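Reviewing the structure listed below.
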């Protein structure tokens, strides 16, 4: 009888070790915001989530997947497009954000409309110019697919597909998108060092940018008005659309600057194609309105050389291993087999 | 333990949820319901969350339902009954419950069962449950918005539409909770407001009205 508690203990410990290895908090990162206890990671569920991420069945006419606007090679955004594209060549109203370190995000979307990573996918699935479907339609299609019933069975020991399981599986994959191995991170871990230009750029960054783009995630997660003149076609008032509070007018979520080299164009409407344009905005393009971030009341004075140094520093936030990670790529073994190619 | 379990009697109390219109049952799609000003309305959808069911005896709690979320849907009779198991000899003279989904649940990610987002009671564009959903048509509503659409929800101050409801009862066992929708429409000015699709001040006010339209029978 006495050996049972020992076996149970081993089981608990081994499951703990497996769980740990699926998601490691980088040493210079804070505690994640996401409550993993409500959605414990497993290999099978992450793989299911990854398959769903690349699944065009999530859109009404089976043409658009999450990956359409969030490709791994661009740090999971859609480069060369200011605004996101959806079904039937429709154009959305905002620039798709890069996806990484989502376990540390308190809210999602440029205006914080979504309060939990699990619920994020509902928005693009339902949006008429993105995927134009609904979670009900998606769950119905998945339930009719023998491949997915098999994948859900592997993940949940139950082949009945629900909205909850679908969303939580997508979350599991997204949670694994951790980017923490850029040159910046290696410098922080004393594994390498900055060049002179990068080091000077880092000092300038800390002085001028880091109150909003806070290390190590390079975002404060707050909503700020960074002085962009309003686009008169889009008329996007940002956070105020959610809170109806005039003090939130023209405020958008501060984006992380990690992998910014890969994730152009920039800003909520993708108006800037190059980092130099972004820095020019902060040095002489700020439009002062009532809700402007206090840190930007005075323009950030930077010489051309200083701008070059800041860009040099920003390029140290590129994490090549992140964008090339084979665990994040198209799960062709599953999807192609499902299509009869194997 | 086992003996105790065998000896302990439990009583099942069924609480029937009846949604009516001035004592007339509500039939979706076809039936018409007159309002005072000559307006005639029809219903296509009528569903809402009833949560946190608690029974009290003289203001002392005697029963609290665990994981208490019920999506009451007029189109599905199975949802219109709440069965609770009471240990023997519990008397009660009051029921408390909430209309809607609490704020903690609203921020806790994907849920299953009656809270599964496929139930059509979760906003996609902005996180949060729709506490009460009523869709239909009204004869005097002007184009382009001739539909009746009340999606009442919101969990963040100042637009929290979550409601506490307390009803006295002298029932010893099964009883009915009646929601009279005709009472709700006495407080709605359809010439001004026939569409609410997001958390807002009107959603809060109408949710408060709605919470006063429940009674026990």
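Chains as they are written, first to last, in this note's numbering: chain X, 63 to 404; chain F, 18 to 234. Quick reminder that beta carbons are idealized off the backbone N, C-alpha and C, glycines included. No experiment lies behind these values; they were computed from the predicted model shown.
**OP:** Use the C-beta contact count for residue 409 (chain X): other C-beta atoms within 10 angstroms, 16 or more gives buried, fewer gives exposed.
**Re:** Outside the displayed range of chain X (63 to 404) lies residue 409 (chain X), so it cannot be described from this structure.
Subject >> For residue 206 (chain F), three-class secondary structure by DSSP >> reply: coil
Original post:
Taking the alpha carbon of residue 240 (chain X) as the point to measure from, which residue in X:394, X:88, X:393 has its own alpha carbon closest?
Top reply: X:88
**OP:** Let me know the secondary structure DSSP gives residue 153 (chain F) once reduced to three states.
**Re:** strand
Original post:
For the alpha helix (DSSP H) that residue 339 (chain X) lies in, which residues bound it at each end?
Top reply: 337-346
**OP:** Look at residue 197 (chain F) and residue 90 (chain F) and say whether their C-beta atoms are less than 8 Å apart.
**Re:** no
Subject >> Separation of residue 115 (chain X) from residue 186 (chain X), as counted between CA atoms >> reply: 12 Å
**OP:** Go to residue 193 (chain F), then tell me how far its beta strand (DSSP E) extends in each direction, as first and last residue.
**Re:** 192-197
Original post:
Is there a Cβ from chain F that is less than 8 Å from the Cβ of residue 95 (chain X)?
Top reply: no
Original post:
Run through DSSP, which three-state label would residue 77 (chain F) get?
Top reply: strand
**OP:** Measuring alpha carbon to alpha carbon, tell me which of X:179, X:312, X:195 ends up nearest residue 352 (chain X).
**Re:** X:312
Subject >> Beta-carbon separation (whole angstroms), residue 120 (chain F) vs residue 179 (chain F), contact threshold 8 Å >> reply: 7 Å
**OP:** Can you have a look at residue 130 (chain F) and say buried or exposed, based on whether 16 or more other CB atoms are within 10 angstroms of its CB?
**Re:** exposed
Original post:
Can you list the residues of chain X that residue 125 (chain F) reaches, using a CB-CB cut of under 8 Å?
Top reply: 97, 100, 178
Original post:
Should residue 188 (chain X) be flagged as near chain F, meaning a C-beta pair shorter than 8 Å?
Top reply: yes
Subject >> Of the residues F:200, F:42, F:210, F:188, the one placed nearest residue 233 (chain F), counting alpha carbons only >> reply: F:188
**OP:** Return the CA-CA distance between residue 167 (chain X) and residue 266 (chain X), expressed in angstroms with no decimal places.
**Re:** 26 Å
Original post:
Nearest chain F C-beta to residue 175 (chain X) closer than 8 Å, yes or no?
Top reply: yes
Original post:
Does the separation of the CB atoms of residue 248 (chain X) and residue 257 (chain X) fall below 8 Å?
Top reply: no
Subject >> Residue range of the unbroken alpha helix (DSSP H) whose run includes residue 280 (chain X) >> reply: Looking at the DSSP string, residue 280 (chain X) is not in any alpha helix (DSSP H), and its letter there is neither H nor E.
**OP:** For residue 84 (chain X), name the three-state secondary structure that DSSP assigns.
**Re:** helix
Subject >> Sequence-distant residues of its chain with Cβ nearer than 7 Å to residue 235 (chain X) (five each side left out) >> reply: 108, 111, 112, 115
**OP:** Give a yes or no on whether the minimum CB-CB distance between residue 223 (chain F) and chain X is below 8 Å.
**Re:** no
**OP:** Tell me where the beta strand (DSSP E) around residue 256 (chain F) begins and ends.
**Re:** With chain F running from 18 to 234 in the structure shown, residue 256 (chain F) is simply not present.
Subject >> Per-residue DSSP class, three states only, for residue 146 (chain F) >> reply: strand
Original post:
Can you find at least 3 beta carbon pairs, one from the region 331-348 of chain X and one from the region 361-373 of chain X, that sit closer than 8 Å?
Top reply: yes
**OP:** For residue 73 (chain X), collect the residues of the same chain with a Cβ closer than 8 Å to its Cβ; drop the 5 residues on either side in sequence, then sort them by chain order.
**Re:** Bear in mind that a pLDDT of 49 at residue 73 (chain X), under 50, signals an unreliable position, so the model cannot answer this.
Original post:
How about residue 314 (chain X) and residue 301 (chain X): are their beta carbons less than 8 Å apart?
Top reply: yes
**OP:** Run the CB neighbour count on residue 222 (chain X), radius 10 Å, all protein chains shown included, and call it buried at 16 or more, exposed below.
**Re:** exposed
Subject >> Collapsed DSSP secondary structure at residue 147 (chain X) in the structure displayed >> reply: strand
Original post:
Cα separation between residue 80 (chain X) and residue 98 (chain X)?
Top reply: Note that residue 80 (chain X) scores a pLDDT of 45, beneath 50, so its modelled location is shaky and nothing firm can be said.
Subject >> Residues of the region 132-145 of chain F with Cβ closer than 9 Å to any Cβ of chain X, in chain order >> reply: 132, 133, 134, 135, 136, 137, 139, 140, 141, 142, 143, 144, 145
Original post:
According to a CB-to-CB cut-off of less than 8 Å, which residues of the region 198-212 of chain X neighbour chain F?
Top reply: 198, 201
**OP:** Identify the contact partners of residue 226 (chain X) in chain F, using a Cβ-Cβ distance below 7 Å as the criterion.
**Re:** 127, 128, 129, 133
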